[in-house]
Amino acid sequence: MSTYVYIALDGLRTSPISEEAWLSAVQQCEELVVSSGGSPGVRNPRVVRLKTDRRATVRLDRFGIASARDPSREMIAVMFKVASALNANVYSERFNKYASTDDWICRRKKQRRIFERQRAYKEKEQLLLFGLWCVLCTGAALIASLLDS
């Protein structure tokens, strides 16, 4: 289950983050570096990563919204720094605004509890169906043995 977190201006579609503003805000944050592009020696200002984790990246898409997939606590803290430099906000997948890193942590724990409950419910449901199938097969076998005798 992947989750995305976004940095966007209040207007979302009406006021996208420009590449110049993005690059300026990223350069103010010392925890981030601009990643290399696909070709050796080519830098892509739209993609930045944490200095401590090469796989933790934030990407600015062509619509002017920055996103991070499955961000860590450290990445969320950095995203809030970049968002404040851009005068923007940090949003969930459904574009609900996060107030702080602690708010993100609290909501993530709540989502995981809900997910775990749903998974436990599905597992119980599958176990119940398996039990019913076993009872049905046993009953059919008993009926067949009674009819044979």
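Just so it is clear: in the sequence shown, position 133 is 133 by the numbering used here, and no numbers are missing.
Here a beta-carbon is modelled for each residue, glycine too, at the ideal position from N, C-alpha and C.
Among the options, the one whose alpha carbon lies nearest that of residue i
| i | options | result |
| --- | --- | --- |
| Tyr6 | Val135, Leu147, Val82 and Ile143 | Val82 |
| Ala77 | Leu146, Arg94 and Cys29 | Cys29 |
| Ala21 | Arg119, Ala85 and Val48 | Ala85 |
| Pro16 | Ala66, Trp133 and Val47 | Ala66 |
| Arg49 | Gly64, Arg62 and Glu74 | Glu74 |
| Ala102 | Thr57, Arg94, Thr138 and Val90 | Correcting the residue type first, residue 102 is Asp in the shown sequence and not Ala. Of the candidates Thr57, Arg94, Thr138 and Val90, the one whose C-alpha sits nearest the C-alpha of Asp102 is Val90. |
| Trp104 | Val33, Glu125 and Phe80 | Phe80 |
Exposure of residue i, with buried meaning 16 or more beta-carbon neighbours within 10 Å
| i | result |
| --- | --- |
| Ala88 | buried |
| Thr3 | exposed |
| Ile143 | exposed |
| Tyr98 | buried |
| Ala8 | buried |
| Trp133 | exposed |
| Leu128 | exposed |
| Ala141 | exposed |
| Ala120 | exposed |
| Leu213 | In the structure as shown, the chain starts at 1 and stops at 149, and residue 213 therefore has no counterpart that could be examined. |
Beta bridge counterpart(s) of residue i as assigned by DSSP
| i | result |
| --- | --- |
| Ile7 | Ala66 and Val90 |
| Lys97 | Tyr91 |
| Arg49 | Val33 and Thr57 |
Test: residue i CB closer than 8 angstroms to a CB of chain B
| i | result |
| --- | --- |
| Arg49 | Included in the structure is just one protein chain, with no chain B present. |
CB-CB length for residue i against residue j, believed under 8 angstroms
| i | j | result |
| --- | --- | --- |
| Val26 | Ser35 | The Cβ separation is near 10 angstroms, so there is no contact. |
| Gly64 | Ser24 | That belief does not hold up - the Cβ atoms of Gly64 and Ser24 are roughly 14 angstroms apart, past 8 angstroms. |
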